[in-house]
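Step one of this worksheet: look at the structure below.
Number of protein chains: 2
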Amino acid sequence: MYRSHNCGELNASHINKEVTLAGWVQKSRDKGFMIWVDLRDRYGITQLIFDEERTSKSIFQNAKTLGREFVIQVKGKVIERSSKNPNLSTGDIEILVSELTILNKAILPPFTIEDDTDGGEELRMKYRYLDIRRNPVKNSLIFRHKVAQAVRNYLSKEGFIEVETPYLIKSTPEGARDFVVPSRMNAGQFYALPQSPQTFKQLLMVGGMDKYFQIVKCFRDEDLRADRQPEFTQIDCEMAFVEQEDILNAFEGLTRHLLKEINGIEIEKFPRMLYDDAMRLYGNDKPDIRFGMKFGELNSVTQHKDFGVFNAAELVVGIAVPGGNNFTRKEIDQLIDWIKRPQVGALGMVYCRYNEDGSFKSSVDKFFDEADLAKWADITGAKPGDLICVLSGETDKVRGQLSSLRMELATRLGLRKPNEFAPLWVIDFPLLEWDEETKRYHAMHHPFTSPKPGQIELLATNPGEVKANAYDLVLNGNEIGGGSIRIHDKKTQSLMFDYLGFTPEEAKAQFGFLMDAFQYGAPPHGGLAFGLDRLVAILAGQEIIRDFIAFPKNNSGRDVMIDAPATIDNKQLEELSLKLHLKQ
Amino acid sequence: MYRSHNCGELNASHINKEVTLAGWVQKSRDKGFMIWVDLRDRYGITQLIFDEERTSKSIFQNAKTLGREFVIQVKGKVIERSSKNPNLSTGDIEILVSELTILNKAILPPFTIEDDTDGGEELRMKYRYLDIRRNPVKNSLIFRHKVAQAVRNYLSKEGFIEVETPYLIKSTPEGARDFVVPSRMNAGQFYALPQSPQTFKQLLMVGGMDKYFQIVKCFRDEDLRADRQPEFTQIDCEMAFVEQEDILNAFEGLTRHLLKEINGIEIEKFPRMLYDDAMRLYGNDKPDIRFGMKFGELNSVTQHKDFGVFNAAELVVGIAVPGGNNFTRKEIDQLIDWIKRPQVGALGMVYCRYNEDGSFKSSVDKFFDEADLAKWADITGAKPGDLICVLSGETDKVRGQLSSLRMELATRLGLRKPNEFAPLWVIDFPLLEWDEETKRYHAMHHPFTSPKPGQIELLATNPGEVKANAYDLVLNGNEIGGGSIRIHDKKTQSLMFDYLGFTPEEAKAQFGFLMDAFQYGAPPHGGLAFGLDRLVAILAGQEIIRDFIAFPKNNSGRDVMIDAPATIDNKQLEELSLKLHLKQ
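Going down the list, the sequences are from chains A and B.
Sequential numbering from 4 applies to the first sequence in the working numbering.
Sequential numbering from 4 applies to the second sequence in the working numbering.
Okay, structure coming up:
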């Protein structure tokens, strides 16, 4: 063992002890007659001291050669520091070094190994092994480990069994694009990497393993949006002999446990909201309910006047921005510019100041009088001092736009407090959603989701209206989990494939094994999957998942550190019965 | 919730309680006026009773329709059984059913859902979800979960951090064949699935994460031998600032913990054996030391006579089979046939009976007298009543053959007791091994393994003699883990790639990132990886790993349940810039 202690544990109680430490040179201050070195490891920093009087000449000379990030081992005596550092757990002591071994030299790192580094994103990713030495990244990875351990221990205690499902499975065109793996032994055939262990966990239910979970990597070959990864980690869960209520309770229990164990926060009961209400009140199926600014629908009080924009609109909807009457005209204009950006896409915004004296001043005073505006205030819940922001247009679009505005305002007003946690169940999702591109309905969750009891007949006449036994768990405006009660009989599953446009042959080729399984006694079952990367980030009061992944990929799906993907040998291609077919 | 209790928990203390159970019909006995149904779930079996007098007519009629593996829900009262079954935890009670709901019917399963099933391997794999309903498979999966949990909790308590490393990495020609994943976004380029997270865990050490572990899937595209899987699970571990002794202690600690926690067995200190001794005494680098039959080298006492076979042999070596003098001539002839099979490949066997009266009788009495044979007995440790089996030939071959014979005899003699556990460290493995096919040395462990201190110079003159800081953990004749102290400086690593026949360009292209990392202050480090599939099987007293994998693949790498791998759409191929290039 290269050390008797780590660099974070020595304190005044160890004074006069002989110790051996090993770690990296964080920094070194050479005063000529005296050299201080901050020695760093995973656990902290301990100050080393070399001085002309007390340190042997050769060691003192050697200490002068130490550069940043050198790996060294020292032996020495713990002594009291003359000027203590109360910000450091080891700040009362230092080590008077009697032996120094340079275990490995280091060339100058491309960025500083400090909490606030001078390294940009790209450089940090290329040298991720150096980035991991920095406290913010190191602590994020340790935090992730703690969350995963807490999840496993909680679910195990609750009788769940972690079962490993295969990574080399079968490609199915439904859903997102699969990563595929050519099979050498079965020429011309491919495995696919799982987008989720969905069918396997359902088969485990058919197999009687009635409480399953797995923390598991999943894969999606999608054009990457910011902060999406081609490989990501799920806490995948499934239960048999349960109804929706049981699933909600089980995983509310898990989430409550995490909030308590990891964040020290007790939350009694998670509120529930219908999907339709979430869309109506927040324009969003994952509302951040840490703050208000609920939507107020204003059609009934706006479409009686000559304002053509509102009269033509399917939806007129507003929010009351708390204290927003303080915004200057310039600030409001900037807000309007913000919502007109192509990413949001609103055509404009009507606003109304609610003055402290109870009077109103709107951007459409030409059309609406004080009595009208008072109704707006009433419906949006505005109070004197607030600003009412109103958008109008096509319902789906305008809801999305106002939701973006609401989130942006909340961020600007500091209402999205990272240490406040507001979980929320959103339930009764639609079963299907219309896809403009393919001009047909797709499963909103996935084709194994069961419709609400008694609604299956609606599929024939009004498919968009059918609600599913599907639910999302939302935390602070992020979907951290989602799931559904599944179909568990062959007839309904066949019907569903039929409605989704599968021919019976396609359904059989892709999911025949599942429908076969349903014939041999499938129990009612359902489940939920958490996105671990995001869950961990949010529990840590952050939103960027990349910081919680040891070796993330960039937006082109590349690992810039190891330089992957890369070309492979022709011999490898040949063995796989493949040829490159690059576009010219 | 479909049930108030599970099928394994009700006993006499619940008598008169109203309960709801759900599960599968294990079997049903219809006596006309009375029907008993065994209801099964993950937790056990509970007997249901329907009778003409006490059960309503409609329910009684419904009960008559129940077939094997129907999924049902019943409500009823717990009553005392008239004829109790002491072999069942629920054997004192039965449920007098008052409500019966058929949740799902079942067609007849293709094999019986019993501990001893009538289903063959192939059928069981095709319907693995039914196989998992059987206790032996279900219990194996639960056992695996318990082992994995015990590993995680132990290592976490010891300060190890589980870090997830990426699955989409870079292909390297060294070692076994990679599975590759074509990148759509980077046309013509491929990811590889990891054969192990080796380089990533070393980079984590460079990153200061000084105690790492991960239970992780690994992938090897090899022609599958029996009981090998293309995807398998490792407990992957690495530590920084350690020497070999520290690694051995750390993971001996883990293994001791598992043996205690899982098997209730306390083992004080694991013995250690040099690789050279293991080969000399057991002909094998993973000796089963639950029993004796150590090799005795007989060259010095056999090559002075006229027996040409021995005189020509590089090695003459024997074992004393305890009580083997009881073998009939026919049994010995069968043994000789057994070792002549191509899988073993011996040309013949000389044997010598050690009679109870102290006399000897050998198959080569023509050449060797009693005094000679007494020396054989002395060297092999034979006692009266034993049989000495002697093979001769080229050292490496004959050791392998005698090792096979030793294991076979141990199995026949019942010496490989599944509930006895004999761990063993085998240390000081050679750094390189000669490959006949490519006519060059390959890394025996992998190219990151460090040679023993002071031996690196030997690489130039006598590479086969160089020993490595490499070690295996052996349990009951199976390698359950292996690892090494790694090279941690760029110079040595470059030298090693050089000796292994990499050009500097190849080394840089494939492992440049690792050698770069070594320049920025890499600490001394080393590690070990356990094969979880095998470890679990052995802890359960078994050796077939497939039974401990929920959804294993067959020997052609196929999942016969989901029928993967399979062909993919031309559109998918096109998106990946690939064309099939099948041999005609």
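Where is the CB? At the ideal position from N, CA and C, for every residue including glycine.
Within its chain, find whatever has a CB closer than 8 angstroms to the CB of P527 of chain B; leave out the 5 residues flanking it on each side and keep chain order. Around P527 of chain B, the same chain offers A243, F244, V245, E246, I488 and H491 as residues with beta carbons nearer than 8 angstroms, after the five sequence neighbours per side are excluded.
Neighbour-count burial assignment, E271 of chain A, 16 or more Cβ in a 10 Å radius: Exposed is the call here.
Contact set between E165 of chain B and chain A, taken where Cβ atoms lie within less than 8 angstroms: Listed by position along chain A, the residues whose Cβ is nearer than 8 angstroms to that of E165 of chain B are H148, A151 and Q152.
With three or more C-beta pairs closer than 8 angstroms as the rule, is the stretch 516-536 of chain B touching the stretch 120-140 of chain A? The stretch 516-536 of chain B and the stretch 120-140 of chain A touch, with three or more beta-carbon pairs separated by less than 8 angstroms.
One or two residues paired with C10 of chain A in a DSSP bridge: In the DSSP output, where bridge partners are listed per residue, C10 of chain A has none listed.
Inter-residue spacing [alpha-carbon to alpha-carbon] between Q217 of chain B and G486 of chain A: Computed Cα separation, rounded: 27 angstroms.
Local conformation of E264 of chain B per DSSP, three classes: Annotated three-state conformation of E264 of chain B is helix, per DSSP.
With a threshold of 7 angstroms between beta carbons, is I172 of chain B in contact with chain A? Chain A contact via Cβ: present.
So, with DSSP's three-state summary, where would you put M352 of chain A? Coil at M352 of chain A, not helix or strand.
Taking D399 of chain A as the reference, which of A:K173, A:E234, A:A281 and A:R419 has the closest Cα? Measuring C-alpha to C-alpha distances from D399 of chain A to each of A:K173, A:E234, A:A281 and A:R419 identifies A:A281 as the nearest.
Going by DSSP, which residues form a beta bridge with M242 of chain A? According to DSSP, which records beta bridges pairwise, M242 of chain A is partnered with A:K214 and A:G529.
Rounded C-alpha distance that separates A385 of chain A from F298 of chain A: Straight across, the Cα-Cα distance linking A385 of chain A with F298 of chain A is about 11 angstroms.
Considering Cα atoms alone, identify which of A:A446, A:L427, A:G286 and A:A543 is closest to G321 of chain A. Closest option to G321 of chain A, judged by alpha-carbon separation, among A:A446, A:L427, A:G286 and A:A543: A:G286.
Secondary structure of E56 of chain A, DSSP reduced to three states: Three-state result, E56 of chain A: coil.
Which residues in chain A have a C-beta closer than 8 angstroms to the C-beta of P197 of chain B? List them in chain order. In chain order: nothing, as chain A lies at least about 11 angstroms away.
Taking 6 angstroms as the cut-off, is the C-beta of K574 of chain A nearer than that to any heavy atom in the ligand ATP? This structure lacks the ligand ATP; in fact it carries no ligand of any kind.
Suppose the cutoff is 8 angstroms on Cβ atoms and the five residues either side in sequence are ignored; what does the same chain contact list for W428 of chain A look like? Result list for W428 of chain A: L251, E255, F273, P274, R275, M276, Y474, D475, L476 and V477, in chain order.
Run through DSSP, which three-state label would T383 of chain A get? DSSP, read as helix, strand or coil, puts T383 of chain A in helix.
Taking buried to mean at least 16 other C-beta atoms within 10 Å of its own C-beta, is R344 of chain B buried or exposed? Classification of R344 of chain B: exposed, given that the 10 Å Cβ count is below 16.
DSSP three-state assignment for T202 of chain B, whether helix, strand or coil: Helix, per DSSP.
Closer than 7 angstroms, CB to CB, is H584 of chain B near chain A or not? Interface with chain A (7 angstroms Cβ-Cβ cutoff): H584 of chain B is included.
Going residue by residue through the stretch 27-86 of chain A, where are the continuous beta strand (DSSP E) segments of at least 3 residues, counting only ones entirely within it? Qualifying beta strand (DSSP E) stretches, in chain order: 37-44, 47-54 and 74-83.
Report the neighbours of F73 of chain A on chain B: residues whose CB is nearer than 8 angstroms to its CB, in chain order. Within 8 angstroms Cβ-Cβ: G524.
Would you say I268 of chain A reaches chain B, if we count a Cβ-Cβ gap shorter than 7 angstroms as a contact? Taking CB atoms only, I268 of chain A has no neighbour in chain B less than 7 angstroms away.
Relative to the alpha-carbon of Y381 of chain B, which residue among B:N90, B:C355 and B:Q237 has its alpha-carbon at the smallest distance? Sequence inspection shows Asp at residue 381 of chain B; the Tyr mentioned does not correspond to that position. Closest option to D381 of chain B, Cα to Cα, is B:C355.
Exposed unless 16 or more other CB atoms sit within 10 angstroms - verdict on D501 of chain A: Classification for D501 of chain A: exposed.
Give a yes or no on whether the minimum CB-CB distance between I116 of chain B and chain A is below 7 angstroms. Interface flag for I116 of chain B against chain A is unset, since no Cβ pair is found closer than 7 angstroms.
Give the interface partners of E234 of chain B over in chain A, defined as CB-CB distance under 7 angstroms, in chain order. Proximity of chain A to E234 of chain B at the Cβ level (cut-off 7 angstroms) is accounted for by P169, Y170 and L171, in chain order.
At which residues does the alpha helix (DSSP H) containing P107 of chain B begin and terminate? Looking at the sequence shown, residue 107 of chain B is not Pro but Asn. N107 of chain B -> not in any alpha helix (DSSP H); beta strand (DSSP E) instead, spanning I96 to N107.
Is M276 of chain B helix, strand or coil by DSSP? M276 of chain B: strand per DSSP, three-state reduction.
Using CA atoms only, rank isn't needed, just tell me which of B:T570, B:K586, B:N557 and B:I62 is closest to R228 of chain B. Scanning B:T570, B:K586, B:N557 and B:I62 for the CA closest to the CA of R228 of chain B turns up B:N557.
Sheet register partners of E373 of chain B (DSSP bridge): Residue pairing from DSSP leaves E373 of chain B without any beta-bridge partner.
Exposure label - D562 of chain B; buried when at least 16 CB within 10 Å: By the 16-neighbour rule on beta-carbons within 10 angstroms, D562 of chain B is buried.
Run the CB neighbour count on P433 of chain B, radius 10 Å, all protein chains shown included, and call it buried at 16 or more, exposed below. Flag for P433 of chain B reads buried.
Just curious, the beta strand (DSSP E) that F193 of chain A is in, first and last residue? Taken as a continuous stretch (DSSP letters only), the beta strand (DSSP E) holding F193 of chain A covers F193 to A195.
Excluding the five sequence neighbours on either side, which residues of its own chain have a C-beta within less than 8 angstroms of the C-beta of A179 of chain A, listed in chain order? For A179 of chain A, same chain residues with a beta-carbon under 8 angstroms away, outside a window of 5 residues either side, are Q198, R223, D224 and E225 in chain order.
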